[in-house]
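Novice: Take this structure first; my questions come after.
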Amino acid sequence: MGLEMKVKRAVLKEIACKYQRSSKKGKGQVLEEFLGLTGYNRCYGSWLLRNCGRKVVMRGLNGEEVIIIGEIRKI
0 MGLEMKVKRA VLKEIACKYQ RSSKKGKGQV LEEFLGLTGY NRCYGSWLLR
50 NCGRKVVMRG LNGEEVIIIG EIRKI
């Protein structure tokens, strides 16, 4: 069985700073470590690490804007 979501979020917070400050070669190593712990897909895991702590605006299927700031979600 995999990790709980709270644990995955805690791991994301810890590893994201390390990932964002790494070189391209280092990012690959950090990403592999993160994926091994969480079991996320490579594309989704790298997106999470890149955008952790940043404001990301996405549109839902019904056209509503979803603003993601770190862990806080507003509709």
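Position 32 (the sequence shown) corresponds to 31 in numbering that gives the first Met the number 0; numbering is contiguous.
Glycine included, each C-beta is placed from N, C-alpha and C at the ideal position.
In this text the structure is predicted, and so the values were computed from the model without any measurement.
If you follow the beta strand (DSSP E) that Arg58 is in, where does it begin and where does it stop?
Specialist: Looking up residue 58 in the sequence shown gives position 59. Where Arg58 is concerned, the enclosing beta strand (DSSP E) stretches over 54 to 58.
Novice: Counting C-beta neighbours from all protein chains within 10 Å, is the total for Ala15 16 or more, i.e. buried, or is it exposed?
Specialist: What you label residue 15 is simply residue 16 of the sequence shown in a count that begins at 1. Burial call: buried.
Novice: Report all residues from its chain with a CB closer than 6 angstroms to the CB of Leu36; omit the five preceding and five following residues, and keep chain order.
Specialist: To locate residue 36, count along the sequence shown from 1; it is residue 37. Answer for Leu36: Val10, listed in chain order.
Novice: Mapping DSSP to helix, strand and coil, what is Glu3?
Specialist: The count along the sequence shown starts at 1 and reaches residue 3 at position 4. It is coil, neither helix nor strand.
Novice: If you draw a straight line from the alpha carbon of Gly1 to that of Tyr43, how long is it in whole angstroms?
Specialist: As a first step, residue 1 is located in the sequence shown; it is residue number 2 there, counting from the start. As a first step, residue 43 is located in the sequence shown; it is residue number 44 there, counting from the start. The alpha-carbon atoms of Gly1 and Tyr43 are separated by roughly 16 angstroms.
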